[in-house]
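Each residue of the sequence shown is one higher than the one before, starting from 4 at the first, in my numbering. To start, the structure itself, in structure tokens.
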Amino acid sequence: MNSIERVGAAIELREPDRVPVDLHDFQVAARASGLPMSEIFRDGALLAEAMLTAWREFGHDMILLENGTACNAEACGMEVRYGNDTAPVVGRPLLDSLSEVANLQVPDPYVTFPMSEILKATRILAREIGDKAWICARADQGPMDLAAELRGISEFMMDLATGEEEDLVHALLDYARRVATRYAYALIECGGRSTSIGEPIAGPSMISPRQYSQYPWAHERRMVTELKEHGIILHLHICGNTERITDEFIATGAQVLEIDHKTDAVHLKAAARDTTCLLGNIDTNLLALGSVGEVDVACHELLDACKHGGGFILGPGCAMAPTTPSENIHALVESAKKYGSYRRA
Ligand SMILES: [Zn+2]
């Protein structure tokens, strides 16, 4: 099997020859290039070259392509700060009040920075290695995360807590969903095999399970459903421990759930069995600071616990730190070959 077949089988909940591996490595790749991240993350050609170089070194099955957690927000008109050794960070919120959502336009990804640059990177990766590696071109922030950035996180948390303008909260979440969905179509048109949304603000460390059900859940599910109707695979990434929203997380219908190391993968695997593929969830701190031996043990344990029956992709639980040592990343990738085989002895 090649990487495309291997990942495809895992997502279709069949057993491939072995567990596929993804890397969430855009910051590692950017740092390794030696150029300032502020240049790499603004330039699709440079980003693609960095991701290609990393893929040639590590040979992972799935590439997660993105430039951070501010792409959609910037395309919507927010100010974003690019640092030389960090991922882009959003500036002051765009909306002073929820009612301003009526003035927002959904950006055209083909002509709006920085989406247009990520589309360029997607085209380059697809042209160069699209038949050898599975390219997940990420549609960046999901409804909850983008809505919180546009409104300001603390203001948005207050909007949710008071519940006084519930209709306008849903209008903002709906707008954010349409932004990410429009972008997702473009990423697939440019050669992505799947796409993904990140929802760091949707996890139980940020909002209650009741708020998750009341607010972002229906918008995430609607996005999944619409894309699925067009044959597009969407991954849903929620940071933190998702145990208290296990049923809702699965019920979004996302074909791949990207899980944080704080989530109990064994528990979620049991709950998601025959429903959805899991991707994760090695601790990014362990990858950044642990030894090769510790990474190998953690991967071995996780593979033993989660590989059975297919539907599992090994990878980091979130974006790896830029300083993650390459020997630990090699240990992660190699562990799937050592311990992830489905061939019967
Ligand atoms: Zn995460």
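Backbone N, C-alpha and C fix where the C-beta goes; we use that ideal spot for every residue, glycine too.
Asked: Per-residue DSSP class, three states only, for V104; Found: helix
Asked: Distance between beta carbons of Q258 and I66, contact taken as under 8 Å; Found: With 8 Å as the limit, I66 and Q258 do not qualify as a contact, their Cβ atoms being about 17 Å apart.
Asked: Any non-hydrogen atom of ligand 1 closer than 7 Å to D148 Cβ; Found: no
Asked: Complete runs of the beta strand (DSSP E) confined to the stretch 212 to 283 [at least 3 residues]; Found: 237 to 241 and 259 to 262
Asked: Outcome for F159 when other beta-carbon atoms lying within 10 angstroms are tallied against a minimum of 16; Found: buried
Asked: Alpha carbon of V109 to alpha carbon of E337, nearest angstrom; Found: 42 Å
Asked: Cross-strand partners of V24 (DSSP beta bridge); Found: L317
Asked: CB contact check: E15 to chain C, cutoff 8 Å; Found: No chain C appears in this structure, which consists of one protein chain only.
Asked: Alpha carbon of L107 to alpha carbon of C79, nearest angstrom; Found: 8 Å
Asked: Close beta carbons around V182, own chain, < 8 Å, minus the five adjacent residues each side; Found: N75, A78, C79, V109, P110 and L149
Asked: Neighbouring residues (CB closer than 6 Å to any heavy atom of ligand 3); Found: Because ligand 3 does not appear in the structure shown, any question about it cannot be addressed here, the ligands present being ligand 1.
Asked: Exposed unless 16 or more other CB atoms sit within 10 angstroms - verdict on R130; Found: exposed
Asked: Pairwise C-alpha distance: L281 and W137; Found: 16 Å
Asked: Between the CA atoms of D177 and A205 - distance to the nearest angstrom; Found: 15 Å
Asked: Cβ neighbour criterion (16 or more within 10 Å) applied to M4; Found: exposed
Asked: Simplified DSSP state of A140, which is helix, strand or coil; Found: strand
Asked: For H27, the nearest candidate out of T245, A291 and Y345 (CA to CA); Found: A291
Asked: Pairwise C-alpha distance: C193 and K123; Found: 8 Å
Asked: Helix, strand or coil at S344 according to DSSP, with G and I counted as helix; Found: strand
Asked: 3-residue-minimum beta strand (DSSP E) runs that sit fully inside the stretch 145 to 207, ordered along the chain; Found: 198 to 201
Asked: CA nearest to the CA of S36, picked from A275, R45 and L49; Found: L49
Asked: Burial state of H270 (16 or more Cβ within 10 Å); Found: exposed
Asked: Proximity of L153 and L239 at Cβ, strictly below 8 Å; Found: no
Asked: Rounded distance between the beta-carbons of A140 and L190, thought under 8 Å; Found: 4 Å
Asked: Contacting residues, own chain, Cβ-Cβ under 7 Å from C309 (five flanking each side not counted); Found: A268, V269, K272, L281 and F315
Asked: Cα-Cα separation, M81 to L175; Found: 15 Å
Asked: Closest residue to T2 among L237, F252, Q217 and D277 (Cα-Cα distance); Found: The chain is shown from 4 up to 348; residue 2 falls before or after that span and cannot be answered.
Asked: Strand pairing of V83, partner residues [DSSP]; Found: V93
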